[in-house]
Amino acid sequence: MTEHDRTRLVAWGAELRAVHTRIREALRVTRDAVRDGGEVQQAGRDLLVYCHGFCAALDAHHRGEDRALFPAIEREHPHLAPVLRSLERDHGMIAHLLGGLREAVDDAAPPAELGRHLEGVAAIMENHFRYEERRLLAVLEDLDLREAVPDVLGPL
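Per my numbering, the very first residue in the sequence shown carries number 16; after that it's consecutive.
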């Protein structure tokens with residue numbers, strides 16, 4: 016393996032951490048906007064923008080992991096199959112929670128209800144990110160995956 020190859024492989028771990036940081040920041044900003052109040056209609060419009068953009072990007076991130084990253088990890092590290100199945104279940108749970116958030120936004124729910132949805136998404140996602148980083152970052156340092164980063168980790 017050349018130094019260039021090694022640098023590219025290590026970059027998968029750094030890229031995953033960077034995506035998680037961007038998602039965490041987007042959730043923080045959105046939760047702060049809802050918590051800081053303002054008119055219900057404005058909070059709903061802000062979250063509608065969030066859902067159509069950010070939620071689509073988050074869904075793409077998880078689909079990329081499920082389609083490309085996790086199978087590549089499992090080929091090289093079959094003992095991690097239970098970890099990968101757990102992370103895939105988390106993806107389904109997060110998608111369900113995001114669906115509830117979208118419905119609340121579409122129904123112009125009050126800020127308190129929107130905040131509860133966001134708190135739920137944030138709690139599950141933080142747990143998911145920590146577990147994923149703890150279990151997979153070391154594996155990503157040696158993973159031989161030649162696909163484009165946006166195809167594997169989403170367009171975030």
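Don't be surprised by glycine CBs; every beta carbon is placed ideally from N, CA and C.
Check: Taking all protein chains shown into account, do 16 or more other C-beta atoms lie within 10 angstroms of the C-beta of HIS143, making it buried, or fewer, making it exposed?; Outcome: buried
Check: What residue range does the alpha helix (DSSP H) around ALA83 cover?; Outcome: Careful: ALA83 lies outside any alpha helix (DSSP H) and carries neither H nor E.
Check: Taking the straight line between their C-alpha atoms, what separation do you get for GLY135 and GLU141?; Outcome: 10 Å
Check: With H, G and I counted as helix, E and B as strand and the rest as coil, what does DSSP make of GLU162?; Outcome: coil
Check: Decide if the segment 27-40 is in contact with the segment 116-123; the criterion is three or more beta carbon pairs, one per stretch, under 8 Å apart.; Outcome: no
Check: Would you mind giving the Cβ-Cβ distance between HIS106 and HIS77, rounded to the nearest angstrom? I have them listed as a contact below 8 Å.; Outcome: 4 Å
Check: Can you give me the start and stop residues for the alpha helix (DSSP H) that PRO97 sits inside?; Outcome: 96-121
Check: So, is ALA87 buried or exposed, given that buried needs 16 or more other C-beta atoms within 10 angstroms?; Outcome: buried
Check: Taking buried to mean at least 16 other C-beta atoms within 10 Å of its own C-beta, is GLU162 buried or exposed?; Outcome: exposed
Check: When you compare only the Cα positions, how much space is there between GLU80 and TRP27?; Outcome: 12 Å
Check: Identify which residue in GLU118, LEU73, PRO126 has its Cα closest to the Cα of VAL49.; Outcome: PRO126
Check: Taking the CB atoms as reference points, tell me whether LEU31 and LEU168 lie closer together than 8 Å.; Outcome: yes
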